[in-house]
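K.L.:
So that we are looking at the same thing, I have put the structure below in structure tokens.
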Amino acid sequence: ARGAIRRRHDDDGDFLATDRAREVYEDVLGLLRARTVTDYAAKRIATFYPTASASRIEEVREFVERGSERDPDPDVLDALAGVEPLSPPATRRVRDRCLATADAERFAAAEEAFPELSVEVVEDARGLAELARSYSTVVALDEAFAGIDVEGDVRVRPDAMENPGEIVPERVLAFFAENRSRILAAAAVHEAAELDPPCDLDALRDALDRLADDGTIVGDAELDRLVTAVDDLDATVSTAESVANDRLREAIRERDVTIEGTDFLSLVEQGARVDSLLDRELEDEYDAAVAAAREHLVDALDLRPEEADFAERAFPDDPAFPVEHEPSVISRLRTELKVGRDRRAARLKRDLADDLSALRDPVEDLVREALELDVELAVARFADDFDCTLPTFADANTDESHGFAIEDGRSPLLDVDFADVDPVDYRVSGATLLSGVNSGGKTSTLDLVALVVVLAQMGLPVPAERVELERFSELHYYAKTQGTLDAGAFESTLRDFRELADGETNRLVLVDELESITEPGASAKIVAGILEALDEQAATAVFVSHLAGEIREAAGFDVAVDGIEALGLEDGELVVNRSPVKDHLARSTPELIVEKLADDDGSGFYDRLLEKF
Numbered sequence: 005a006r007g008a009i010r011r012r013h014d015d016d017g018d019f020l021a022t023d024r025a026r027e028v029y030e031d032v033l034g035l036l037r038a039r040t041v042t043d044y045a046a047k048r049i050a051t052f053y054p055t056a057s058a059s060r061i062e063e064v065r066e067f068v069e070r071g072s073e074r075d076p077d078p079d080v081l082d083a084l085a086g087v088e089p090l091s092p093p094a095t096r097r098v099r100d101r102c103l104a105t106a107d108a109e110r111f112a113a114a115e116e117a118f119p120e121l122s123v124e125v126v127e128d129a130r131g132l133a134e135l136a137r138s139y140s141t142v143v144a145l146d147e148a149f150a151g152i153d154v155e156g157d158v159r160v161r162p163d164a165m166e167n168p169g170e171i172v173p174e175r176v177l178a179f180f181a182e183n184r185s186r187i188l189a190a191a192a193v194h195e196a197a198e199l200d201p202p203c204d205l206d207a208l209r210d211a212l213d214r215l216a217d218d219g220t221i222v223g224d225a226e227l228d229r230l231v232t233a234v235d236d237l238d239a240t241v242s243t244a245e246s247v248a249n250d251r252l253r254e255a256i257r258e259r260d261v262t263i264e265g266t267d268f269l270s271l272v273e274q275g276a277r278v279d280s281l282l283d284r285e286l287e288d289e290y291d292a293a294v295a296a297a298r299e300h301l302v303d304a305l306d307l308r309p310e311e312a313d314f315a316e317r318a319f320p321d322d323p324a325f326p327v328e329h330e331p332s333v334i335s336r337l338r339t340e341l342k343v344g345r346d347r348r349a350a351r352l353k354r355d356l357a358d359d360l361s362a363l364r365d366p367v368e369d370l371v372r373e374a375l376e377l378d379v380e381l382a383v384a385r386f387a388d389d390f391d392c393t394l395p396t397f398a399d400a401n402t403d404e405s406h407g408f409a410i411e412d413g414r415s416p417l418l419d420v421d422f423a424d425v426d427p428v429d430y431r432v433s434g435a436t437l438l439s440g441v442n443s444g445g446k447t448s449t450l451d452l453v454a455l456v457v458v459l460a461q462m463g464l465p466v467p468a469e470r471v472e473l474e475r476f477s478e479l480h481y482y483a484k485t486q487g488t489l490d491a492g493a494f495e496s497t498l499r500d501f502r503e504l505a506d507g508e509t510n511r512l513v514l515v516d517e518l519e520s521i522t523e524p525g526a527s528a529k530i531v532a533g534i535l536e537a538l539d540e541q542a543a544t545a546v547f548v549s550h551l552a553g554e555i556r557e558a559a560g561f562d563v564a565v566d567g568i569e570a571l572g573l574e575d576g577e578l579v580v581n582r583s584p585v586k587d588h589l590a591r592s593t594p595e596l597i598v599e600k601l602a603d604d605d606g607s608g609f610y611d612r613l614l615e616k617f
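Here's what the structure looks like:
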């Protein structure tokens with residue numbers, strides 16, 4: 005993503021030139037990510053990066069200005085917790101319809117365009133008729149099939165490729181079912197933040213209320229009735245038989261039936277069948293039992309009048325015991341109910357898919373705006389938490405704009421509460437040495453400068469009362485080296501600074517105690533030579549050093565020396581003015597200690613030591 009942004013702004017992406025500079029950038033991203041709610045925003049934060057591109061910096065500053073108007077209300081942040089980027093659903097096979105074509109190329113295109121459906125090759129109307137017996141709906145893709153009279157639901161749609169939502173409404177429904185919670189959360193964000201939504205949220209919620217999590221239709225009473233009737237048909241028929249037979253058993257128990265000899269002989273000759281006996285002795289009771297069965301079937305399945313006719317024919321009028329249903333009639337009833345169910349479900353799917361298709365683009369905007377709001381709020385919360393302001397970029401062609409000026413800058417990277425951080429004022433133009441006591445804050449000052457410049461050239465607000473700086477081409481930040489380097493590492497370090505001495509003229513170079521790479525005498529000369537090269541480039545540089553005096557003497561130009569001044573010792577602790585003093589070589593910690601001892605002791609020993617400083 006950063007690469008795409010760089011191409012748009014013709015940015016070479018080389019601003020962060022050293023490992024330490026990149027570490028400061030990662031620290032900045034960490035501070036911003038800590039103030040995001042969504043995973044999207046945490047990742048989106050990384051698309052902000054420091055750059056020398058004026059157009060990119062201005063683009064982000066406009067984003068920041070929009071975000072500064074946002075109120076990070078807790079209700080908004082709570083609503084954001086449920087927002088995620090929209091996700092494509094898994095492909096779901098639809099088995100009640102198929103596509104048909106006689107063209108091989110169209111066949112291949114249809115298989116790619118409609119992975120949910122089976123695509124069949126047919127040559128003529130007979131082939132379509134065979135498919136229509138296996139599928140509820142057949143969609144013929146060839147214009148040549150227009151006008152063919154085939155039994156079954158066969159539709160000729162040469163435009164099917166251009167209207168996938170009409171052919172497979174399940175695709176649209178699956179998308180909204182998959183993303184329902186994300187969409188509703190985004191709607192809640194818009195309401196909590198009082199944003200103008202890109203669609204009617206009430207209409208959106210109404211449409212989603214008609215959709216189940218599995219992509220089926222809910223909330224339609226007629227469809228629910230048909231689905232229940234199909235599911236419960238066999239159990240209801242069995243119960244209806246039991247109702248009839250229980251009534252007949254009860255009637256038989258309560259009746260005394262006299263069988264004459266001729267009737268008994270007739271029953272024996274008929275294989276002990278009781279049909280004629282029932283017909284003669286219990287005709288009314290049988291009719292009542294069958295009527296009860298039919299009534300139960302109608303009531304339990306909530307059959308409509310046109311369907312109730314099947315219930316009339318489901319149980320025979322001719323007496324028999326036990327009472328049993330007519331399988332062929334129940335089979336036809338099942339078919340009738342299924343056809344009604346499928347047709348109504350298909351129509352409701354198409355209607356809902358039409359409604360939701362019109363909301364597809366607005367919904368994408370709805371979710372994107374909610375996610376982007378999280379990014380804006382993260383920047384706004386960062387600026388609020390650390391008392392930030394947008395810096396001023398001066399004209400790089402004027403002397404006054406050279407370097408940077410920070411007023412009341414405070415670093416949020418220190419291991420103390422931000423409220424306890426001492427503010428720092430620091431202004432640098434050209435190559436400068438920064439001196440000061442140990443633990444006086446020299447490294448923290450470099451970190452603050454790097455942090456401010458990285459944020460400023462990301463287009464973001466900086467933790468200071470006021471900042472003015474030129475738009476630097478690169479940031480080179482060299483951290484303190486631990487111990488004296490061996491010959492190979494020393495040579496490699498010098499090669500780095502050799503490359504630094506060429507090229508861009510408006511770099512910012514920050515170096516922390518370079519003298520630790522080798523012996524102090526040689527270090528002073530090397531640092532002096534590097535500063536001379538940077539001065540010739542008119543680069544801005546701050547070198548922290550305990551050898552500021554020696555370096556100044558070795559340099560071939562009037563190098564500026566600033567100092568973080570220790571005001572003294574109190575109870576063994578340094579009291580320090582954290583803001584560097586311009587044109588001032590700060591006293592060292594040993595000098596302060598000797599000075600304190602000289603004040604406390606009158607022997608003159610410490611006075612003689614103090615004179616050496």
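For the sequence shown, the numbering used here gives the first residue as 5, with consecutive numbering after it. Glycine included, each C-beta is placed from N, C-alpha and C at the ideal position. As the structure is a computational prediction, the values presented were derived from the model and not from experiment.
For H480, does the three-state DSSP call read helix, strand or coil?
P.N.:
Reduced to three states, the DSSP call for H480 is strand.
K.L.:
For the alpha helix (DSSP H) that A117 lies in, which residues bound it at each end?
P.N.:
108 to 117 is the extent of the alpha helix (DSSP H) around A117.
K.L.:
By the DSSP assignment, the alpha helix (DSSP H) with L84 in it spans what residues?
P.N.:
Looking at the DSSP string, the run of the alpha helix (DSSP H) that includes L84 is 78 to 84.
K.L.:
Evaluate D378 with the Cβ neighbour count: other Cβ atoms within 10 Å of its Cβ, from every protein chain shown; 16 or more gives buried, anything less gives exposed.
P.N.:
Its Cβ being crowded by 16 or more others within 10 Å, D378 is buried.
K.L.:
So is V87 buried or exposed if we call it buried at 16+ other beta carbons inside 10 Å?
P.N.:
Classification for V87: buried.
K.L.:
To which residues does DSSP link S439 through a beta bridge?
P.N.:
The partner list for S439 (beta bridge, DSSP) reads G567.
K.L.:
Mind reading off the beta-carbon distance from L363 to L208? Whole number of angstroms is fine, and I expect it under 8 Å.
P.N.:
L363 to L208, Cβ: 6 Å. Contact.
K.L.:
Entirely within the region 289 to 331 and at least 4 residues each: give me those alpha helix (DSSP H) ranges in chain order.
P.N.:
Correct list: 309 to 318.
K.L.:
Just the C-alpha distance for L341 and E316, rounded to the nearest angstrom, thanks.
P.N.:
Rounded to whole angstroms, L341 to E316 spans 16 Å at the Cα level.
K.L.:
Does DSSP classify E124 as helix, strand or coil?
P.N.:
DSSP places E124 in strand when its eight states are reduced to three.
K.L.:
Quick check on DSSP: helix, strand or coil for R473?
P.N.:
Sequence check: residue 473 is Leu here, not Arg. DSSP places L473 in strand when its eight states are reduced to three.
K.L.:
Applying the 10 Å Cβ sphere with the 16-neighbour rule, what's the burial state of S527?
P.N.:
So S527 ends up on the buried side.
K.L.:
Excluding five sequence neighbours on each side, which residues of the same chain lie with their C-beta closer than 6 Å to the C-beta of G275?
P.N.:
Because the pLDDT of G275 is 49, which lies under 50, any placement of that residue in the model is unreliable, and the number read from its coordinates should be weighed accordingly. There are no such residues.
K.L.:
What are the boundary residues of the alpha helix (DSSP H) that A56 is part of?
P.N.:
Segment: none, A56 is in no alpha helix (DSSP H) and carries neither H nor E.
K.L.:
Let me make sure I understand the geometry here. Which of R60, H406, I568 has the alpha-carbon closest to that of L450?
P.N.:
Closest by alpha carbon: I568.
K.L.:
Would you list, in sequence order, the uninterrupted beta strand (DSSP E) runs of no fewer than 3 residues that lie entirely inside the region 537 to 561?
P.N.:
544 to 548, all fully within the region 537 to 561.
K.L.:
Among the residues of its own chain, which have a CB less than 7 Å from the CB of S477, if the five just before and after it don't count?
P.N.:
So the list reads A56, E508, N510, R511, once near-sequence residues are dropped.
K.L.:
Kindly indicate which three-state DSSP category A139 falls into: helix, strand or coil?
P.N.:
The question names Ala, yet the displayed sequence has Tyr at residue 139. DSSP places Y139 in coil when its eight states are reduced to three.
K.L.:
Decide if the region 549 to 556 is in contact with the region 412 to 427; the criterion is three or more beta carbon pairs, one per stretch, under 8 Å apart.
P.N.:
The answer is no - the region 412 to 427 does not touch the region 549 to 556, with fewer than three Cβ pairs under 8 Å.
K.L.:
Let me check understanding here. Comparing Cα to Cα, which of N442, V123, D355, P326 lies closest to A108?
P.N.:
Among N442, V123, D355, P326, the Cα nearest to that of A108 belongs to V123.
K.L.:
Enumerate in chain order the residues of its own chain whose CB-to-CB distance from K353 is below 8 Å, with the five nearest sequence positions on each side excluded.
P.N.:
Result list for K353: P173, E174, L177, I221, in chain order.
K.L.:
Taking 6 Å as the limit between beta carbons, can you name the residues of its chain near G17, skipping five residues before and five after?
P.N.:
Correct list, in chain order: R10.
K.L.:
Thinking L121 and R137 are a contact (beta carbons under 8 Å), I'd like their distance in whole angstroms, please.
P.N.:
17 Å between Cβ atoms; not a contact.
K.L.:
Compare the C-alpha of P395 against each of D388, P320, A409, E328 and name the closest.
P.N.:
The shortest Cα separation from P395 among D388, P320, A409, E328 belongs to A409.
K.L.:
Are the CB atoms of V428 and R184 nearer to each other than 8 Å?
P.N.:
The answer is no: Cβ separation not under 8 Å.
K.L.:
Could you give the C-beta distance for A106 and D163, rounded to a whole number, given that I count them as a contact under 8 Å?
P.N.:
With a Cβ gap of about 17 Å, A106 and D163 do not count as contacting.
K.L.:
Does DSSP classify E73 as helix, strand or coil?
P.N.:
The answer is coil: DSSP assigns E73 none of H, G, I, E or B.
K.L.:
Alpha carbon to alpha carbon, how far is A505 from R499? Give it in angstroms, no decimals.
P.N.:
Cα to Cα, R499 sits roughly 10 Å from A505.
K.L.:
Near V456, which residues of its chain fall below 8 Å by C-beta distance, leaving aside the five closest residues on each side in sequence?
P.N.:
Here the set comprises P395, F408, I410, G413, V466, P467, A468, V471, L473.
K.L.:
Starting from the C-beta of K484, find all residues in its chain whose C-beta is less than 6 Å away, skip the five residues before and the five after it, and write them out in chain order.
P.N.:
For K484, where only same-chain residues beyond five positions count, the Cβ hits under 6 Å are D516, E517.
K.L.:
What is the residue span of the beta strand (DSSP E) that I410 lies within?
P.N.:
408 to 413 is the extent of the beta strand (DSSP E) around I410.
K.L.:
Once DSSP output is grouped into helix, strand and coil, what is the label at D23?
P.N.:
D23 falls in the helix class under three-state DSSP.
K.L.:
So, helix, strand or coil for T447, using DSSP?
P.N.:
Of the three classes helix, strand and coil, the one that applies to T447 here is helix, per DSSP.
K.L.:
So, using beta-carbon positions, are V371 and I187 closer together than 8 Å?
P.N.:
Cβ atoms of V371 and I187: closer than 8 Å.
K.L.:
Below 8 Å between beta carbons: does that hold for V126 and A112?
P.N.:
The answer is no: Cβ separation not under 8 Å.
K.L.:
Considering only C-alpha positions, which residue in the set D236, G440, D210, L301 is nearest to L356?
P.N.:
If we check each option's Cα against that of L356, D210 comes out closest.
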